[in-house]
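Going down the list, the sequences are from chains A and B. Using our numbering, you'd call the opening residue of the first sequence number 1 and step up by one each time. Using our numbering, you'd call the opening residue of the second sequence number 1001 and step up by one each time. Comments concern the structure below.
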Amino acid sequence: MTITETKRQQQKRYFNDQFQNRMKRQRFYSPLKGSQTRERAMYKLLMESFRDTSTVVWKSTFVPSEIIYAIGGVPLYIETFSAMAAGVGMCTDMLTASENQGFSRDCCSFLRGVLGASRKNILPKPDALISSSYYCDGDPMIFDIFADEYKSPHHYLHIPFFAEREGACDLVADQLEEITRSIARETGREFSRDKLSETIAVSNEACRYFKKAMDLRKHRPSPMLGCEAIDHIGSISQLWGSKSFVRISKLLCEELEERIEKGVTAVEDEQHRLLWCHLRPYYNDEIFQYLEIEHKAVVAFEMVNMITWEEMDPQKPFQSLAKKLLANQSIGPHERMTRWISTMIKEYSIDGIIWMAPWGCRHFNSLSQMVKEGLRKEGDIPFYILDLECIDKRNYSKEQVRTRLDAFLEVLEDGLED
Amino acid sequence: MITSGIDIGSVSTEVVLVGEENEILSYVVLASQTDMEKTANEALDAALEQASLTKQDIDYTVATGYGRNNVPFADKSVTEITCHAQGAYHLFPNTRTIIDIGGQDSKAIAIMARKNREAKVVDFMMNDKCAAGTGRFLEVMAGVLDVDINDMGTLSQKASQETSISSMCTVFAESEVISLIHQKLPKEDIINGLHTAIARKVLSLVQRVPIEEEITLTGGVMKNIGVCEKLQQELAPKKVNLPDEPQIAGALGAAIIARKHVAVQ
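Quick look at the structure:
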């Protein structure tokens, strides 16, 4: 497939228009500068991926962005494209295109969205692809499809299930080094250990600020809406390693500190504090608006912003990145996740948990009941498994969801009585 | 103090009037029309007439069900989860698990008792993503078999053998039923198989909340003795309660919840 200059410009203009539309879309809250800066950074990254001179590397969820920034590439965390597309209302066409190619609606809708977009030839060409085996297990095979279509090399990152066992870290570190060097060679980019160390130092700096910002959200009442915070997807962001993420995280810190100091709260008269697990519907904000604004049930924290790794050692870059990756609590036995959620409940003063279970997400659906039962042994926290769709609006049934949320809110309300 | 509870479901609408001693003064069950306001008013009028009361006698009204936000005379709306919990608990004070099968959804509700004789919902599940395990499933199958849905219970009691309906998708199960008809299997056996299928589907939902005795069955589908017997068999030896009028549990719970709000005013 040949991408001509004209086609690239058409693609770029297309996305530019869509993104501008999104920025103009009215929200039910005033976003922080840190959040606005993040949106612009993501937009800039996407625009950069259309430049002829850019080396574009598509990556799946758990592939660390640092290795791509280190070789001067543009990391595209490709699933986020579907989220963005859903946000501007163009995802139904893409999903239909993937279905017409024979992909079942039981598959992950993030991946189906990208498949459809690829078929419609509206994505920037990848110079290389990296997928990981866990936990988004559909990624490697579907990335093979992309690799075949774009004639680009595809690198697999195998993640061991037992992340804390001896040898797991070395296994991942060795692969990360091999992949980084291979992509540098294949794309004509230079790999420099010093550059990678520098990138990791940048990532560490952003992490210190981001962690602090998330810690500030422990304040009661909440200084920040969950609807806004969840879009930072801190634990899996493709901005790790970029200087823009330092700026974003620092801004978040400063703004949250200021809000707390001035007594500015996410909502007036906060009634409940929720922990939200997994991602969210990207086609509209209805659910969060309903919970947070109409019912004062604030999403005080989200699983996706859990920072579970320690500060990385720039002198041991691949080892550190491997540790970071394996620190994700979704990898391995469910007890890992249960322990972290138990900690979040205490630290963020959580009253109830909403566990979002998307139709096509095998991993998260499997995990849900085990985590629920694990938490039940420790206490009586209300836990609701909400069947919901992230990308495919056709699977969203507003009244059904509202009834379930109402019932859950009544359980929380009941909990306030003795 | 007299309160009313109204449950506007997808298939039927129930009104219950509750009196001074928490006793049921009257109740009415009507088929839901597309005009929910009209149905609500008709049901309330019928219940009032039955109890020789007027609208002015009602101190507070709570609405529940999918149409709960479309009842103009309701003072408050509460979900069917909370209302079924309270209604079942009122009828059977030792119940700790409620299984409700309505026209559009099925629910499993775990409760605990409070000091003030109220039910507290500890956990709940609702049917996920499709009509399997709901009254809608039985309606579709009654059409395919050309039987009256009200006769399905007694017909299944005449079954001579167990029949397996493997699919829980309503559409695919319909295909299976058509195949069984073509194999000239007796209707009674097919209906029995459908009841087994619906009971197992609902129980897989119930297993996800803590099941504690006693268990109470509510919702319109529980008027089908075949489904109830299957559930009781699967849940044995746990004690299973079946109210005389299982479909009014939601409206009854709503009326009882309404009493709390009168007391607060």
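Heads up, the beta-carbon is just placed ideally off N, CA and C, and yes, glycines get one too.
Buried or exposed: which applies to residue i, given that a residue is buried once 16 or more other Cβ atoms fall within 10 Å of its Cβ?
i	result
residue 1094 of chain B	exposed
residue 1247 of chain B	buried
residue 390 of chain A	buried
residue 232 of chain A	buried
residue 1018 of chain B	buried
residue 150 of chain A	buried
residue 79 of chain A	buried
residue 344 of chain A	buried
residue 332 of chain A	buried
residue 1117 of chain B	exposed
residue 262 of chain A	exposed
residue 416 of chain A	exposed
residue 264 of chain A	exposed
residue 85 of chain A	buried
residue 146 of chain A	buried
residue 346 of chain A	exposed
Closest by CA to residue i, which one among the options?
i	options	result
residue 266 of chain A	A:75, A:296, A:252 and A:308	A:296
residue 136 of chain A	A:160, A:61, A:268 and A:150	A:61
residue 216 of chain A	A:258, A:313 and A:285	A:258
residue 166 of chain A	A:93, A:326 and A:219	A:326
residue 1049 of chain B	B:1026, B:1159 and B:1152	B:1026
residue 63 of chain A	A:152, A:236 and A:118	A:236
residue 414 of chain A	B:1213, B:1148 and B:1123	B:1123
residue 301 of chain A	A:309, A:280 and A:321	A:280
residue 1244 of chain B	B:1112, B:1222, B:1261 and B:1190	B:1222
Verify the CB distance criterion: does residue i have a CB-CB separation below 8 Å to chain B?
i	result
residue 297 of chain A	no
residue 404 of chain A	yes
residue 300 of chain A	no
residue 289 of chain A	no
residue 271 of chain A	no
residue 369 of chain A	yes
Distance, Cα to Cα, residue i vs residue j?
i	j	result
residue 174 of chain A	residue 338 of chain A	29 Å
residue 1114 of chain B	residue 1074 of chain B	26 Å
residue 397 of chain A	residue 403 of chain A	10 Å
residue 1249 of chain B	residue 1218 of chain B	6 Å
residue 329 of chain A	residue 323 of chain A	12 Å
residue 1210 of chain B	residue 199 of chain A	50 Å
residue 96 of chain A	residue 395 of chain A	13 Å
residue 1092 of chain B	residue 1126 of chain B	22 Å
residue 1198 of chain B	residue 1188 of chain B	15 Å
residue 75 of chain A	residue 183 of chain A	12 Å
residue 138 of chain A	residue 108 of chain A	8 Å
residue 28 of chain A	residue 224 of chain A	13 Å
residue 321 of chain A	residue 66 of chain A	8 Å
residue 1055 of chain B	residue 1041 of chain B	10 Å
residue 77 of chain A	residue 378 of chain A	36 Å
residue 350 of chain A	residue 273 of chain A	5 Å
For residue i, collect the residues of the same chain with a Cβ closer than 6 Å to its Cβ; drop the 5 residues on either side in sequence, then sort them by chain order.
i	result
residue 98 of chain A	112, 115 and 116
residue 124 of chain A	49, 50 and 56
residue 1 of chain A	Legend: pLDDT at residue 1 of chain A = 41, less than 50; position of this residue unreliable, value from coordinates given subsequently. So the list is empty, once near-sequence residues are dropped.
Within the same chain, show all residues whose beta-carbon is closer than 8 Å to that of residue i, passing over the 5 residues directly before and after it, in chain order.
i	result
residue 1012 of chain B	1029, 1030, 1031, 1032, 1103, 1220 and 1247
residue 1121 of chain B	1081, 1082, 1085, 1109, 1110 and 1111
residue 1214 of chain B	1092, 1094, 1095, 1096, 1097, 1238, 1239, 1240 and 1241
residue 1079 of chain B	1064 and 1068
residue 251 of chain A	32, 33, 34 and 37
Ignore the nearest five residues each way along the sequence and tell me which others in residue i's own chain have a CB closer than 7 Å to its CB.
i	result
residue 1057 of chain B	1002
residue 1020 of chain B	1001
residue 243 of chain A	202
residue 1139 of chain B	1149
residue 1132 of chain B	1168, 1169, 1170 and 1201
residue 367 of chain A	334 and 337
residue 1230 of chain B	1195, 1196 and 1199
residue 1161 of chain B	1189
With 8 Å as the threshold, decide whether the Cβ of residue i is near any Cβ in chain A.
i	result
residue 1121 of chain B	yes
residue 1259 of chain B	no
residue 1147 of chain B	no
residue 1073 of chain B	no
residue 986 of chain B	Outside the displayed span of chain B (1001 to 1265) sits residue 986 of chain B, for which this structure offers no information.
residue 1081 of chain B	yes
residue 1062 of chain B	no
residue 1309 of chain B	Absent from the model: residue 1309 of chain B. The displayed extent of chain B is 1001 to 1265, so no value can be given.
residue 1126 of chain B	yes
Short-range partners of chain D found in the stretch 382-413 of chain A, where Cβ spacing is below 7 Å: This model lacks chain D altogether, as its protein chains are A and B.
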